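Colleague:
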Amino acid sequence: MAGLIPKSFIHDLLERADIVEIVDSRVPLKKAGRNHQACCPFHNEKTPSFTVSQDKQFYHCFGCGAHGNAIDFLMEFDGLNFPDAVEELAGIMGVEVPREQPENPQLAQKKQQQVQDDSELMSKTARFFQHQLKHHENSKRVIDYLKGRGLSGETVKRFQIGYAPDAWDSLLSTFGSSAPQRQQLLELKLINRNEKGRHYDFFRDRVMFPIHDRRGRVVGFGGRIIDGDGPKYLNSPETRLFHKGSELYGYWHMQQAVRKPEQVCIVEGYMDVVALSEAGIHYAVASLGTATTSEQLQRLFRTSGRIVCCYDGDRAGRDAAWRALENALPLLRDGLDMAFLFLPEGEDPDSVVREHGAEAFERELKKATPFTEYFFEHLQADIDVSSDAGRSQLLNIAKPLIEKVASEYYRDTLMQRLAEKLRRETSQLERQFEKPQRQSQPKESVKMTPLRKAIALLLQYPQLAQSVPVREELLELQVSGIDLLIALHKQCAERQMTTAQVLEGWRDTEFYQPLQKLALWQHQLDEDNVEQEFNDIFIYLIDQYFEQRANALLKKEQEGALTRVERQEYQTLIQYLSKAR
1 MAGLIPKSFI HDLLERADIV EIVDSRVPLK KAGRNHQACC PFHNEKTPSF TVSQDKQFYH
61 CFGCGAHGNA IDFLMEFDGL NFPDAVEELA GIMGVEVPRE QPENPQLAQK KQQQVQDDSE
121 LMSKTARFFQ HQLKHHENSK RVIDYLKGRG LSGETVKRFQ IGYAPDAWDS LLSTFGSSAP
181 QRQQLLELKL INRNEKGRHY DFFRDRVMFP IHDRRGRVVG FGGRIIDGDG PKYLNSPETR
241 LFHKGSELYG YWHMQQAVRK PEQVCIVEGY MDVVALSEAG IHYAVASLGT ATTSEQLQRL
301 FRTSGRIVCC YDGDRAGRDA AWRALENALP LLRDGLDMAF LFLPEGEDPD SVVREHGAEA
361 FERELKKATP FTEYFFEHLQ ADIDVSSDAG RSQLLNIAKP LIEKVASEYY RDTLMQRLAE
421 KLRRETSQLE RQFEKPQRQS QPKESVKMTP LRKAIALLLQ YPQLAQSVPV REELLELQVS
481 GIDLLIALHK QCAERQMTTA QVLEGWRDTE FYQPLQKLAL WQHQLDEDNV EQEFNDIFIY
541 LIDQYFEQRA NALLKKEQEG ALTRVERQEY QTLIQYLSKA R
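Have a look at this one:
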């Protein structure tokens, strides 16, 4: 949708939403004093350190440092970008998201209309293929094929499986009667054009699997051959709607069945995902004809703490597994797990679950090879580690990969195993490895000056802005950050706000992250003393301003340039400061 989302709408949306309800719908919370608690959904832990404040409309994990408002939670938990998270929250609250008028409204309207038209056409195409599955003259042959693969009508309907007719122009003649329509079909890669300018359907005589994005919209297709020559699977090429590296087949269906599965199984084919679902295994997804990308893995690790890659045991399957592992290394933080299951030649998840049942397949998943073992299994495949040359080669290959590992535990484990294979002590290897970049701890100490304390208290208790009038003359105070404090004071004085709303107003500024840290400051004050502390800091700042002003007037007097009004002001300031001291 075109146009920016108005900040005033986001402010009102956060005012209307209750973060406790939003989080609790995805992570069950328990009351803990004034707040609510749970085990953190963003890292594995046994003791709850994830806290949600209803007063502040803010969440914070004391373990991993995750924090934010309801929009941030949806972004992190559901893997959404900011606009989609706002749309999701608005949908939960039952309101429509408005958009500001863009600078070029005609262009924006055109783009918006294009997205709507593209989505409608992809949806119509999916329904067209579903209709052909039931009514085409080849439908019995195709339905028999699907039944032979063990699929029920319910599963076929749930995954919206269809059939692309064997004619050259079935889809073309249905949706491409005009030149603009044919152009749209071309751009969405639903039809092709040959050298002579003739148009024809991209998918022909194939079982069709619609590919849905995370919001359930059809963005592409996968077509499986039924018999005859040609590639086993034919996938939609990249389009303005479809980006292979971003989507996962079956992810949307998995989320409908189980939002937070204990594990996710990555398989190679569409039919594997569907067959596993038929057997009651609803946590399988498939990458779309490419190696599993970092973006796909990030989304899956947000969904579950364990990923099992289930591939064919042939060279192609093992190469795909290794590329997935390489992409996962920087993402594997403590508490996340990745394993690999290679099936015997001629078998795939579809055949295993049909011949041996779901329980047998799940037993195999439990026995999957941990990534720490597969790591060396793959690297050693063509290396003779019994020789010095081979051990040197293994070190040369393994070193840059281990240095990418995010988890300190996994990094140490790989180092220990490498040392064993190289017949060295771990301490000998550590000197050759770059030290991991330590992320700043969520509880890192910040030097809390009076100004920072005032900002932190104002963030955590925005109602304090009503207890002290805004003193814009303090902007003259030569103290770093005074302008930020006054801006916050004005913001909070304008209307009643929560911490979440205050911070949201600074999201796109350089101050957003520093303000988030200050919002988490543990002030160690009794609630009854917070307002007095805030007032005392303002008195301190005013004293600092008066002293600075007095010194400036004194300098001016020494230069003989003081006016009568300024002399009176100077005397008043001296009297005030002497009493204050």
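Here the sequence shown is numbered in full-length UniProt numbering, starting from 1 and rising by one per residue.
We put the beta carbon where it would ideally sit given N, CA and C, even for glycine.
The model shown is predicted, which means the values in this text are computed figures rather than measured ones.
Identify, in the order they occur along the chain, each residue of the same chain with its Cβ nearer than 7 angstroms to the Cβ of Q439, setting aside the five sequence neighbours on each side.
Modeller: Legend: pLDDT at Q439 = 42, less than 50; position of this residue unreliable, value from coordinates given subsequently. Hits under 7 angstroms: none found.
Colleague: Quick one: using the 10 Å Cβ neighbour count with 16 as the cut-off for buried, is E559 buried or exposed?
Modeller: With fewer than 16 other Cβ atoms within 10 Å, it is exposed.
Colleague: Measure the Cβ-Cβ separation of T498 and A519 and say whether it is below 7 angstroms.
Modeller: Contact: no.
Colleague: Quick one: is Q460 buried, meaning 16 or more other Cβ sit within 10 Å of its Cβ, or exposed?
Modeller: Buried, because 16 or more other Cβ atoms sit within 10 Å of the Cβ of Q460.
Colleague: Give the C-beta separation of V479 and L451 to the nearest angstrom, bearing in mind that I take them to be a contact with Cβ-Cβ under 8 angstroms.
Modeller: Sure, about 6 angstroms apart at Cβ, within 8 angstroms.
Colleague: In terms of residue numbering, what span does the alpha helix (DSSP H) encompassing K157 cover?
Modeller: Run containing K157: 153–158, per the alpha helix (DSSP H) assignment.
Colleague: I'd like to know if the region 271–289 and the region 380–387 are in contact, where contact means that at least 3 CB-CB pairs between them fall below 8 angstroms.
Modeller: In short, these stretches do not touch, since the Cβ pair count stays below three.
Colleague: Considering only DSSP beta bridges, list what I266 is partnered with.
Modeller: DSSP, once it has assigned bridges, lists V285, C309 as partnering I266.
Colleague: Following the continuous beta strand (DSSP E) through M337, name the residue where it begins and the one where it ends.
Modeller: Checking the displayed sequence, the identity of residue 337 turns out to be Asp instead of Met. From DSSP, the beta strand (DSSP E) with D337 extends over 337–343.
Colleague: Are the beta-carbon atoms belonging to C309 and I281 less than 7 angstroms from one another?
Modeller: Their beta carbons are not under 7 angstroms apart, which means C309 does not touch I281 by this criterion.
Colleague: Whole angstroms is fine: what's the gap from Q568's alpha carbon to H60's?
Modeller: About 52 angstroms.
Colleague: Does the region 314–327 come close enough to the region 235–242 to have 3 or more Cβ pairs within less than 8 angstroms?
Modeller: Output reads no: the region 235–242 does not touch the region 314–327.
Colleague: Output needed for I92: all residues of its chain with C-beta closer than 6 angstroms, excluding positions within five of it in sequence on either side, in chain order.
Modeller: Taken in chain order, the list of residues that qualify is empty.
Colleague: DSSP on Q255, reduced to helix/strand/coil?
Modeller: Three-state DSSP puts Q255 in a helix.
Colleague: Which runs of the beta strand (DSSP E), 3 residues or longer, sit entirely within the region 16–70?
Modeller: Complete beta strand (DSSP E) runs here, min 3: 30–32, 35–38, 50–53, 58–61.
Colleague: Pick from N551, R507, V502, I542: whose alpha carbon is nearest that of K56?
Modeller: Nearest option by C-alpha distance: V502.
Colleague: By Cβ distance, which residues of its chain are closer than 8 angstroms to E444, with the 5 residues on each side in sequence left out?
Modeller: Any answer about E444 is weak, because its pLDDT of 49 lies below 50 and its placement is not dependable; what the coordinates show is given next. Same-chain partners within the cutoff: there are none.
Colleague: Can you have a look at N551 and say buried or exposed, based on whether 16 or more other CB atoms are within 10 angstroms of its CB?
Modeller: With fewer than 16 Cβ atoms within 10 Å of its Cβ, N551 is classed as exposed.
Colleague: Using DSSP bridges, identify the partner residues of F209.
Modeller: G222.
Colleague: Report all residues from its chain with a CB closer than 8 angstroms to the CB of A275; omit the five preceding and five following residues, and keep chain order.
Modeller: The residues are R149, G150, L151, P349, D350, V353, R354.
Colleague: Looking at the structure shown, is R193 part of a helix, part of a strand, or coil, going by DSSP?
Modeller: DSSP places R193 in strand when its eight states are reduced to three.
Colleague: Mind checking which residues open and close the beta strand (DSSP E) that includes G162?
Modeller: It spans 162–164 - the beta strand (DSSP E) in which G162 sits, taken as one unbroken run.
Colleague: Run the CB neighbour count on S8, radius 10 Å, all protein chains shown included, and call it buried at 16 or more, exposed below.
Modeller: Result: exposed.
Colleague: In the DSSP assignment, find the unbroken beta strand (DSSP E) run with L234 in it and report its ends.
Modeller: Segment 233–235, the beta strand (DSSP E) holding L234.
Colleague: Consider the C-beta atom of Q416 and the heavy atoms of the ligand MG; say whether any pair is separated by less than 6 angstroms.
Modeller: Absent from the structure shown: the ligand MG. Ligands present: none.
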